[in-house]
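A.B. asks: Okay, handing you the structure first.
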Amino acid sequence: MICTCTLNPSLDYYMEFNQNIEPGKYNRSSLEYYEAGGKGINISIVLNNLMIPTRAYGFLGGFTRDFYIQLLQKYEYVQPNFTYIDGHTRINVKLQDGRDTDVNATGPYITHRDMAHLRAKVDRLDVGDYFVLAGQSPSYLTEDIIDMLKQAIENGVRVVLDTNPDLERACLETKPFLLKTTPDELGALLERTVSTKEEIVAGAREVHERGARNVIVVWDKKNALLVCEEGTYECGLVREEKTINTVGTGDSLVAGFLMNYLRSSDARDSFRFGVCCGSATAYSKGLGTREKIESYYESTQIQKID
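3 is the number of the first residue of the sequence shown in the working numbering; add one for each residue after it.
Below is the structure:
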């Protein structure tokens, strides 16, 4: 079973505008809709589109809780298994006028008791299960989360990390299955500046050498890099035509990697399929569908970096 975890999910309120938004003036949208948001949820939704079941962990609460669960009911293969809390699940506003402008809330306070309830669920996972921690984690829960992740890895769970660099750094020695990051986050993990392609490649290789079995770096939402036992590989996420939506491309890549690894145990081919998923999302209004993903497979080729 693949289990995704979004510690601070969001109810995303999208507003589309036919004209550019003018700050300080009255602006009327042409379309509004809600989506269940969060990096772990994005991964679950893409896997749902690929007909792969997932169990969705995280924290929900307040008047937005039931509506959030209702939004997930349209995804047949997503099994909500959230921990309910006293605070209110945040609402993020996504403004689209040809540009993407996000107004994101901080989110509710998570108590140590809430965290203990989540850990009890994770502790039941076993060899063969995947646990994906995606999205930012509250700093005051760092020790609790590190202990939970280390125990999961000791239990034989394949842990996937796309979260705070300090959490990732603390878990490297326990050899997580996959670590997905960006150049800025990679620099924070290694505690040095990472900006050029050479620095990105060197940094990803160092993270692999320090314990992460597979390392994926996405930068500029256009390019992706994989470091695994077989070597270092790169691939472009976007083509020459203008993208429609780059939100969730990295999450889609992770989803595709996991789906393909389940059937092939081949990191290189899984990276290729993951890139197809990222590309499908980049050229879709929402997250990539199965048909869109498959349409990119033949034209997607990865290159080895010496």
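All residues carry an ideal CB built from backbone N, CA and C; glycine is no exception.
1. Only counting the same chain, and skipping five residues up and downstream in sequence, which positions put a Cβ closer than 6 Å to that of Leu310?
2. Less than 8 Å between the beta carbons of Ala136 and Thr248, yes or no?
3. Keeping to the same chain, check which residues put their C-beta closer than 7 Å to that of Pro167; ignore five residues upstream and five downstream.
4. Rounded to whole angstroms, what is the Cα-Cα separation between Phe133 and Asn50?
5. Could you have a look at Ser12 and say whether DSSP puts it in helix, strand or coil?
6. Mind checking which residues open and close the beta strand (DSSP E) that includes Glu34?
7. Near Leu120, what residues of its chain come up, given a Cβ to Cβ distance below 7 Å and the 5 sequence neighbours on each side ignored?
8. Can you grab the Cα-Cα spacing for the pair Gly26 / Thr165, in whole Å?
9. What separation, rounded to the nearest whole angstrom, lies between the Cα atoms of Ile129 and Ala154?
10. Please report the distance separating the alpha-carbon of Ala284 from that of Asp149.
11. Between Leu227 and Ile246, how many whole angstroms is the CB-CB distance? I'm expecting something under 8 Å.
12. Apart from the five residues just before and just after Tyr263, which ones in its own chain have a Cβ nearer than 8 Å to its Cβ?
13. Name the residue from Gly290, Arg126, Pro140 whose alpha carbon lies nearest to the alpha carbon of Thr108.
14. How far does the alpha helix (DSSP H) with Leu135 in it reach, from first residue to last?
15. Less than 8 Å between the CB atoms is what I'm expecting for Met3 and Arg57, so what's the real figure, rounded?
16. Straight-line CA distance for Phe354 to Ser267?
17. Roughly how many angstroms lie between the CA atoms of Asn157 and Leu151, to the nearest whole one?
18. The beta strand (DSSP E) with Leu227 in it runs from where to where?
19. Compare the C-alpha of Lys223 against each of Ser31, Gly39, Ala122, Leu255 and name the closest.
20. With H, G and I counted as helix, E and B as strand and the rest as coil, what does DSSP make of Val217?
21. Spatial neighbours of Leu62 within its chain, please: C-beta separation below 8 Å, excluding the five flanking residues on both sides.
22. Using 8 Å for Cβ pairs, my map puts Thr6 next to Gly42. What's the rounded Cβ distance?
23. Please identify the residue among Gln303, Arg194, Gly250 whose C-alpha is closest to the C-alpha of Val48.
24. Reducing DSSP to helix, strand and coil, say where Lys244 ends up.
25. Any idea which residues DSSP pairs Lys96 with across the strands?
26. Pick out whichever of Ser286, Lys306, Arg126, Val95 has its Cα sitting closest to the Cα of Glu243.
27. Under 7 Å Cβ to Cβ from Ser31, same chain only, skipping five residues before and after it: list those, please.
28. Using beta-carbon positions only, say whether Val80 and Val95 come within less than 8 Å of one another.
29. What would DSSP say about Pro55, mapped onto helix, strand or coil?
30. Using only CA atoms, which one of Ser297, Thr291, Ala206 lies nearest to Ile307?
31. Under the DSSP definition of a beta bridge, which residues are partnered with Asp164?
C.D. replies: In terms of the structure at hand:
1. Examination of residue 310 is not possible in this model, given that the chain is present from 3 through 308 alone.
2. Taking 8 Å as the Cβ cut-off, Ala136 and Thr248 do not qualify as a contacting pair.
3. If you ignore the 5 residues before and after Pro167, its C-beta comes within less than 7 Å of the C-beta of Glu187, Ala190, Leu191, all in its own chain and listed in chain order.
4. Going from the Cα of Phe133 to the Cα of Asn50 covers about 16 Å.
5. Here Ser12 sits in strand by DSSP.
6. DSSP places Glu34 inside the beta strand (DSSP E), whose first and last residues are 33–39.
7. Same-chain partners within the cutoff: Tyr59, Thr85.
8. Going by the C-alpha atoms only, they are around 35 Å apart.
9. A small fix is needed here, since residue 129 is Val in this sequence, not Ile. Taking the straight line joining both Cα atoms gives about 9 Å.
10. A straight-line Cα-Cα distance of about 35 Å links Ala284 and Asp149.
11. About 24 Å separates the two Cβ atoms, so there is no contact after all.
12. So the qualifying residues of the chain are Ala269, Ser272.
13. Thr108 has its Cα closest to that of Pro140, out of Gly290, Arg126, Pro140.
14. Leu135 -> not in any alpha helix (DSSP H); beta strand (DSSP E) instead, spanning 132–136.
15. Yes, they are in contact, since the Cβ atoms of Met3 and Arg57 sit about 6 Å apart, within 8 Å.
16. For the chain, the structure presents residues 3 to 308; residue 354 sits outside this window and is missing.
17. So the two alpha carbons sit approximately 10 Å from each other.
18. From DSSP, the beta strand (DSSP E) with Leu227 extends over 225–230.
19. Across the set Ser31, Gly39, Ala122, Leu255, the C-alpha of Leu255 shows the shortest separation from the C-alpha of Lys223.
20. Shown here, Val217 sits in a strand according to DSSP, grouped into three states.
21. Pro11, Tyr70, Ile71, Phe84, Thr85, Tyr86, Ile87, Thr91.
22. Between Thr6 and Gly42 a beta carbon distance of about 4 Å is seen, short of the 8 Å cut, so the two are scored as contacting.
23. Just measuring C-alpha positions, the residue of Gln303, Arg194, Gly250 sitting nearest Val48 is Gly250.
24. Coil at Lys244, not helix or strand.
25. According to DSSP, which records beta bridges pairwise, Lys96 is partnered with Tyr16, Asp104.
26. Closest option to Glu243, Cα to Cα, is Ser286.
27. Answer for Ser31: Met17, Glu18, Phe19, listed in chain order.
28. It is not a contact, given that the beta carbons lie outside the stated cut-off.
29. Coil, per DSSP.
30. Per the Cα distances, Ala206.
31. Looking at the DSSP assignment, Asp164 forms a beta bridge with Ala136.
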